[in-house]
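Residue numbering for the sequence shown follows my numbering, beginning at 2 and increasing consecutively.
Written out below as structure tokens is the structure these notes cover.
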Amino acid sequence: MQIRLNGKAYPLAEHTKTLHDLIQQLNIDEEVVIIEQNHQIIDRFRYTDTNVQPGDVVEIVHFVGGG
Numbered sequence: 002m003q004i005r006l007n008g009k010a011y012p013l014a015e016h017t018k019t020l021h022d023l024i025q026q027l028n029i030d031e032e033v034v035i036i037e038q039n040h041q042i043i044d045r046f047r048y049t050d051t052n053v054q055p056g057d058v059v060e061i062v063h064f065v066g067g068g
């Protein structure tokens with residue numbers, strides 16, 4: 002299965018079914034990102050029950066602190 006991740010084609014592991022699975026596959030801390038799937042921002046409390054489908058467009062934005 003393949004999605005578009007941050008503007009690039011990205012193949013998913015066979016076990017990746019949800020946004021939570023995707024975050025784990027990418028080794029990302031879900032506390033410091035916002036995920037947009039198909040032009041809709043997904044609440045982080047819904048990552049475990051939001052499915053990833055072939056052809057989905059996913060954007061992951063990281064928070065960066067600074068001063």
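By construction, the Cβ of each residue, glycine as well, lies at the ideal position given by its N, Cα and C atoms.
Source: prediction; values computed, not measured.
Three-state class that DSSP yields for residue i in the structure shown
| i | result |
| --- | --- |
| VAL62 | strand |
| VAL33 | helix |
| THR1 | This structure does not reach residue 1, given that the chain is present from 2 up to 68, and the question cannot be answered. |
Residues that residue i bridges to, as DSSP identifies them
| i | result |
| --- | --- |
| PRO12 | GLN3 |
| ILE70 | In this structure the chain extends from 2 to 68, so residue 70 is not present and cannot be described. |
| ASN52 | THR19 |
Residue i vs residue j beta-carbon contact at 8 Å
| i | j | result |
| --- | --- | --- |
| VAL53 | LYS18 | yes |
| GLN41 | LEU20 | no |
Between the CA atoms of residue j and residue i - distance to the nearest angstrom
| i | j | result |
| --- | --- | --- |
| GLY56 | ARG5 | 7 Å |
| MET2 | HIS63 | 24 Å |
| HIS16 | VAL33 | 23 Å |
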